[in-house]
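Positions 158 to 531 (my numbering) are the ones given, in order, by the sequence shown. Beta carbons: idealized from backbone N, C-alpha and C, even for Gly. No experiment lies behind these values; they were computed from the predicted model shown. First up is the structure itself, then whatever we jot down about it.
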Amino acid sequence: MNSLPTVVLVGRTNVGKSTLFNRLLEERKALVSREAGTTRDWKEGRCLWKGKVIRVIDTGGMDGDLQNEIHQGTIRQTKKAIKKADLILFLVDLQHEPLPQDMELATLLRHQSTPVIVVGNKAETMRHRANAHEPEWRMLGLPAPVPISAVKGNGVGDLLEVVYEQLITLQKPPGEQALIEATRIAVIGKPNVGKSTLLNALVGEERFITSTISHTTREPNDVLIEHDGKPYLFIDTAGIRKKEKIRKTGGLEEAGVERTIRAIQKADVVLFILDASEPFGNQERTLAGLLKDTNAGLVFVVNKWDLVEGKTTSTINEYQDYIERSIPFLTWAPQLFISAKNSTIVCNKFLTKPWSLFYKKLLSIVDRFLQTVM
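Structural data, given as structure tokens:
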């Protein structure tokens with residue numbers, strides 16, 4: 158699934174990586190905000206240019222508080238993305254001189270074997286474009302910046318010409334226009350219910366930043382997984398929090414809620430993740446309300462089953478009854494009981510089985526939904 162050449166966007170926070178990412182994909186896939194650090198997991202998509210396709214990965218900013226758990230996760234994710242790159246686009250801000258963070262990143266990139274194109278963003282005026290040739294940028298030890306304005310689109314076509322020529326030189330030619338129609342599976346649930354941990358277990362690597370800090374995912378992330386020759390697109394979404402908490406974030410999480418709703422609307426199947434260790438609340442009921450009129454298939458995935466104490470062979474039946482009482486209009490949906498953290502699924506009401514069985518059961522349910530619709 159990863160045969161397309163991969164171009165990775167890196168840079169310090171707020172240099173416009175997500176804006177360029179959206180421009181390349183021609184959609185508002187990444188949240189764009191003046192708040193530094195809006196991007197924390199990497200996001201990926203496909204850029205189509207003159208009938209040719211490349212894979213583009215947007216990463217979080219590499220600068221910030223090194224003692225912060227989430228920022229440490231961002232750095233790990235960015236370094237993993239860099240290892241996947243065939244070509245790196247290093248974004249800098251032409252409206253300012255190079256900052257120490259730019260110099261540190263340049264040092265890191267110079268020690269990589271992957272070719273680097275420096276992209277001078279925010280070149281909205283001729284004066285800003287001229288800054289690309291100022292001597293201070295030579296201090297990076299990398300080629301002079303290619304000036305662009307991701308907001309206005311100025312210079313992006315020229316940048317893509319450079320990117321595609323470089324990929325051909327590297328014998329990594331862009332792919333033909335043949336986008337795979339994958340089954341879309343939205344993963345929803347309240348914050349800290351284990352959505353990212355579940356997807357990490359599905360992918361088999363730390364693809365999403367998981368943390369004990371609630372609400373560490375604010376943007377939907379697409380992960381393309383192939384199983385038995387079939388493509389499945391899993392979309393991770395931010396959890397919906399209480400209204401008074403959302404207001405304190407200046408609208409950023411409100412945008413995340415809107416993205417979650419759109420993910421549900423576009424999904425073929427929705428995985429509704431529940432926390433077995435906590436009772437139902439308003440957040441679960443709010444999400445359930447969004448699913449009431451959807452045409453998508455639905456699977457309840459009851460996570461953290463390992464945290465339920467005093468389980469007996471009847472505990473699963475009792476929890477199933479609890480779901481039906483709490484959300485009576487969704488009783489038709491099948492249920493799976495798992496521990497994403499331990500990568501196990503519960504079978505025969507008590508016995509835990511390997512994660513491969515979860516894959517088999519889940520995708521079997523998904524395929525049955527699709528056959529019913531067709």
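- CA-CA distance, I305 to W512, rounds to 46 Å.
- The count of Cβ pairs closer than 8 Å, one atom from the segment 337-355 and one from the segment 419-435, reaches three, so the stretches are in contact.
- Taking A424 as reference, the option from P436, D393, Q269 with the minimal CA-CA separation is D393.
- Distance from the CA of Q258 to the CA of K200, rounded to the nearest whole angstrom, comes to 22 Å.
- Within the same chain, T501, I502, C504 come within 7 Å of K510 by CB-CB distance, once the 5 residues on both sides are set aside.
- In the three-state scheme derived from DSSP, where H, G and I count as helix and E and B as strand, W489 is classed as coil.
- Annotation: K237 to V165 spans about 10 Å, alpha carbon to alpha carbon.
- Per the coordinates, the alpha-carbon of N439 lies some 14 Å from the alpha-carbon of R482.
- The three-state reading of DSSP puts P304 in strand, counting E and B together.
- Spatial neighbours of A497 in its own chain (CB-CB distance under 6 Å, excluding positions within 5 residues in sequence) are listed in chain order as G351, T354, L355, A358, N460.
- For A242, same chain residues with a beta-carbon under 6 Å away, outside a window of 5 residues either side, are T163, V165, T271 in chain order.
- A buried status is given to T231, since no fewer than 16 other beta-carbon atoms sit within 10 Å of its beta-carbon.
- In the structure shown, K174 adopts helical secondary structure according to DSSP, grouped into three states.
- Beta-bridge pairing by DSSP links D215 to L166, K200.
- Taking all protein chains in view, the Cβ of N452 is surrounded by fewer than 16 other Cβ atoms within 10 Å, so the residue is classified as exposed.
- Following the DSSP letters along the chain, one finds P257 inside the alpha helix (DSSP H) bounded by residues 257-267.
- Between F515 and I495 the beta-carbon gap is near 6 Å, inside 8 Å, which marks them as a contact.
- Listed in chain order, the beta strand (DSSP E) runs fully inside the segment 452-480 are 454-460, counting runs of at least 3 residues.
- Setting aside the 5 residues that flank it on each side, V313 is surrounded in the same chain by R180, I305, each with a C-beta closer than 6 Å to its C-beta; the list follows chain order.
- Contact annotation: I421 and L447 have beta-carbon atoms nearer than 8 Å.
- Rounded to the nearest whole angstrom, the C-alpha separation of E281 and G202 is 26 Å.
- Boundaries of the alpha helix (DSSP H) around K352: 352-360.
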